Amino acid sequence: MALLAVVLPLGSGAAALERDELAALIMPPFSLGEPLNDQGVWSLLNSGGAEAGYVFETQPLAPLPGFSGAPINVLVTLDLEGRFLDARLIEHNEPIFVSGLGEAPF
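With the first letter of the sequence shown counted as 1, position 39 gets the number 53 in this note's numbering; the numbers rise by one all the way through.
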């Protein structure tokens, strides 16, 4: 929970994904648990249903801009010690990098 104390003060109010959308992005053997707060931090459950970590989007918590100025949104999955389990790009607007290439290389 100390990790949450670091994440919580950064809220910005950006719209977050709905529960079903988030759940579809969690890779087995994990699943999405219950929301832990109103800032968009969710519990991560292991295959036995026990708490295994945390899930959150970066844009609602810390809307850091990319080169285009638009925020980049990453779904971050952490274990209970705060180690990264997964980071998935959800949304970005980086036309300087995809011009002529498409998104496949990224």
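Using N, Cα and C, we set each Cβ at its ideal position, and we do this for glycine too.
Everything numeric in this text was worked out from a predicted model, so none of it was measured.
As a beta-bridge residue in DSSP terms, G67 pairs with L58, D93. If you draw a straight line from the Cα of I86 to the Cα of P43, it is about 27 angstroms long. P74 and G62 have their C-alpha atoms roughly 29 angstroms apart. Distance check between N51 and each of V69, G96, M41, D34 places V69 closest, using alpha-carbon atoms only. Residue pairing from DSSP leaves L50 without any beta-bridge partner.
Note that the C-beta distance between L89 and L99 is not below 8 angstroms. With 16 or more neighbouring CB atoms inside 10 Å of its own CB, E71 falls in the buried class.
A distance below 7 angstroms between beta-carbons, with the five flanking residues on each side excluded, links S57 to the following residues of its chain, in chain order: G47, E48, L50, E65, Y68.
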